[in-house]
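Accompanying notes for the structure given below.
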Amino acid sequence: MSSSAAAAPPVDHTQLFDRIAAAAKNYPKPDVTFGYGTAGFRTLGKRLPSVIFSVGLLAVLRSQRFNGKAIGVMVTASHNPEADNGVKLVDPAGEMLEQSWEAYATTLANCASPAELVAAYKQLAEQLHINIGAPASVVYAADTRPSSPELIKALEAALAAFGDHVKTNNIGVTTTPILHYVVKATNDTSGEYGEPTIEGYQKKTAAAFKALIGNRGPLKPLPVDCANGVGALSLADFSKHIGDLLPFRPLNTELNKEGVLNYQCGADYVKTKQQLPPSVAESGLLNHPDNRGASFDGDADRLIYYYLKGGKSFRLLDGDKIAVLAALFIGDLVTRAKLTDKIQVGVVQTAYANGSSTKFIKSRNIPVTCTATGVKHLHHAALNYDIGVYFEANGHGTVLFSDDTIATLKKTEPESPDQDRAIKHLLALSQLINQAVGDALSDLLLVEVVLAHRGWSAEEWDAGYEDLPNRLVKVEVPDRHIFHTTDAERKLTSPAGLQARIDEAVLKVEQGRSFVRPSGTEDCVRVYAEAATSSAVDTLAAAVTDLVKTAAAEAAPHP
Ligand code: NG1
Ligand code: ZN
0 MSSSAAAAPP VDHTQLFDRI AAAAKNYPKP DVTFGYGTAG FRTLGKRLPS
50 VIFSVGLLAV LRSQRFNGKA IGVMVTASHN PEADNGVKLV DPAGEMLEQS
100 WEAYATTLAN CASPAELVAA YKQLAEQLHI NIGAPASVVY AADTRPSSPE
150 LIKALEAALA AFGDHVKTNN IGVTTTPILH YVVKATNDTS GEYGEPTIEG
200 YQKKTAAAFK ALIGNRGPLK PLPVDCANGV GALSLADFSK HIGDLLPFRP
250 LNTELNKEGV LNYQCGADYV KTKQQLPPSV AESGLLNHPD NRGASFDGDA
300 DRLIYYYLKG GKSFRLLDGD KIAVLAALFI GDLVTRAKLT DKIQVGVVQT
350 AYANGSSTKF IKSRNIPVTC TATGVKHLHH AALNYDIGVY FEANGHGTVL
400 FSDDTIATLK KTEPESPDQD RAIKHLLALS QLINQAVGDA LSDLLLVEVV
450 LAHRGWSAEE WDAGYEDLPN RLVKVEVPDR HIFHTTDAER KLTSPAGLQA
500 RIDEAVLKVE QGRSFVRPSG TEDCVRVYAE AATSSAVDTL AAAVTDLVKT
550 AAAEAAPHP
């Protein structure tokens, strides 16, 4: 193959470069430095057209790198305010873009002129030995933000420059996890993963949910706060597929009203404020102690549950609680399937997981891995388990079943009806749970399945362990880049001496734990603290915040 390629005459791509340059003129780069971070590019929507254009070029290269497999482009800024927007690339298996390519995305996004962009693109293709005339395929979608249609036009302008050899599939306005699903399903040659459409996702998920609920339904109505985002659409669509089996009570479903997206609602609001969104409180739907509610974030890849204990006091059921619920249930199924010697269930968390959850999981003999913040790290670590349950405390996560596990489940001959049921349930769970990425809707259905099987209310789910009081503080500093971490971000290596001072502060409080890391998505440093009591954690968080501010000020250049 390489010898014939070497013998082929050089192809002249001048016309392609001219078309790219001509189209790029309509998307001048603003005077901003862009960086592809944990969440892709994310900033004010009006600053992004040139970035999206450059992402279009990179998506084509990435697809060519995989011999024309589909690459995804998702336009969203998740839980951020409505005026923000963002863009992320999705790799062929439905995963986040491979880390080494993030730098290429950053390089293209920061080209100041069309000529510079074409030169950088050409150089990148040469460096990576990619034939820019090869076929490519790009699947894309956007959330409901007002700036999204214009950004999609910028993406399409970049893709159009390539003409017919780039296949495009605009799946429209949908959630981030559905786009990931469609990318994975498009590239799945076995045809087993599901139809590569939004409808295909809904059908597959609904079928698995029905199989798992069996005759346990209909379930009690569930209020779902959709953050006035795209999750409202997918929830309404999904509802048509399951009828009354799980009646939703959708809240915050305004998609055409200005300024309401993620405003005083949504998973991030609930997790950060540790309280009900005012709209959910006013609905009265949670006033009964047996009721539970859920919140999505703006692009429906995060899920938080809650209830009012005794009909009054707010209780958060976050990503840690969901991970515990899922891991113990799946662990029990593996035991009943008599496969504990072949299938290891493990949990992956970040340092933001509440210490009580980690202790509780370990006490049940389930292994726990701690990784750096960011879903790609968790996802990667979860692949090391046969069934890997990964969740960030903020409600972002999923459960991954390895191919070997699926094969084991399929070939095991059950010796009892109970073993048979457990195997079938595990297989149905692998169909229910989005295997590409964290998905608020499929995670919600997972929670509902477990509660239905256990016969539990939210309060019974909550009873396993008690969260340690915790605080998350955002500290603005002159330069967050001076903060470097090690040990899955649990220890600082610089500024020098700061970690030792944090350790001293931690020792002063009972069950204290605290760590500091620079945010990957915002210009700030985050301080996390937990301790035995609310007042102790306040003291610890304040002490560490002061230490961070002092160290940052000392390191800043003096005027
Ligand atoms: P940063 O800004 O790096 O802390 C935040 C969340 C992450 C993850 C990313 C991506 C916290 C403390 N951090 O990252 O968990 O969700 O955004 O959206 O919640
Ligand atoms: Zn999100």
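Under numbering that gives the first Met the number 0, the first residue of the sequence shown is numbered 0, with each subsequent residue one higher. Beta carbons: idealized from backbone N, C-alpha and C, even for Gly.
Query, Result
"Delimiting residues of the beta strand (DSSP E) encompassing Gln430", "Careful: Gln430 lies outside any beta strand (DSSP E), inside the alpha helix (DSSP H) at 416–431."
"Closer than 7 Å: Gly67 CB and nearest the ligand NG1 heavy atom", "no"
"Inter-residue spacing [alpha-carbon to alpha-carbon] between Lys68 and Leu47", "26 Å"
"contact_flag[the region 276–283, the region 219–226] where n(CB pairs < 8 Å) is 3 or more", "yes"
"Contained beta strand (DSSP E) runs [length at least 3] in the region 518–551, N- to C-terminal order", "524–529"
"Cα-Cα separation, Gly85 to Asp537", "34 Å"
"Where Gly171 falls: helix, strand or coil (DSSP)", "strand"
"Cβ pair Gly318, Gly387 closer than 8 Å", "no"
"Contact test: Thr175 Cβ vs the ligand ZN heavy atom, cutoff 7 Å", "yes"
"6 Å Cβ shell around Ala104 - same chain, five flanking residues per side excluded", "Tyr35, Leu57"
"Secondary structure of Phe65, DSSP reduced to three states", "coil"
"Ile197 beta carbon less than 8 Å from that of Ile170", "yes"
"Alpha-carbon to alpha-carbon, Leu444 and Leu150", "32 Å"
"Proximity test, Leu471 beta-carbon vs the ligand NG1 heavy atom, cut-off 7 Å", "yes"
"Segment limits, alpha helix (DSSP H) that includes Gln560", "Residue 560 lies beyond the residue range present for the chain, which begins at 0 and ends at 558; the question has no answer from this structure."
"Same chain only: Cβ atoms within 7 Å of Glu465, ignoring 5 sequence neighbours per side", "Ser355"
"Proximity winner among Ala439, Pro148, Ala108, Pro477, relative to Gly39 (alpha-carbon distances)", "Ala108"
"Distance CB(Asp142)-CB(Val74) smaller than 8 Å", "yes"
"The region 173–182 contacting the region 120–140, beta-carbon criterion three pairs below 8 Å", "yes"
"Through-space distance from Gly132 to Ile205, alpha-carbon basis", "The sequence given here places Ala at residue 205; Ile does not occur at that position. Looking at the two C-alpha atoms, the distance is approximately 41 Å."
"Glu488 and Ala371 closer than 8 Å at C-beta", "yes"
"Proximity winner among Gln510, Ser534, Lys341, Ala102, relative to Thr37 (alpha-carbon distances)", "Ala102"
"The region 374–391 contacting the region 410–417, beta-carbon criterion three pairs below 8 Å", "no"
"Same chain, Cβ closer than 7 Å to Thr492, five either side skipped, listed in chain order", "His483, Thr484, Thr485"
"Distance cut-off 7 Å: Gly373 Cβ against heavy atoms of the ligand NG1", "yes"
"Nearest to Asn231 (by Cα), restricted to the options Val172, Lys361, Lys320", "It is worth fixing the name first, because residue 231 is Ala in this sequence and not Asn. Ala231 has its Cα closest to that of Val172, out of Val172, Lys361, Lys320."
"Inter-residue spacing [alpha-carbon to alpha-carbon] between Ser2 and Ser189", "Confidence at Ser2 is low in this model, with a pLDDT of 42, below 50, so its placement is unreliable and no value can be given for it."
"beta-carbon Tyr35 near the ligand NG1 non-hydrogen atom, thresh 7 Å", "no"
"Where Asp163 sits in the DSSP three-state scheme", "helix"
"Reference Lys560; option with closest CA among Ser62, Ile342, Arg314, Tyr384", "This structure cannot settle anything about residue 560, because the visible part of the chain is limited to 0 through 558."
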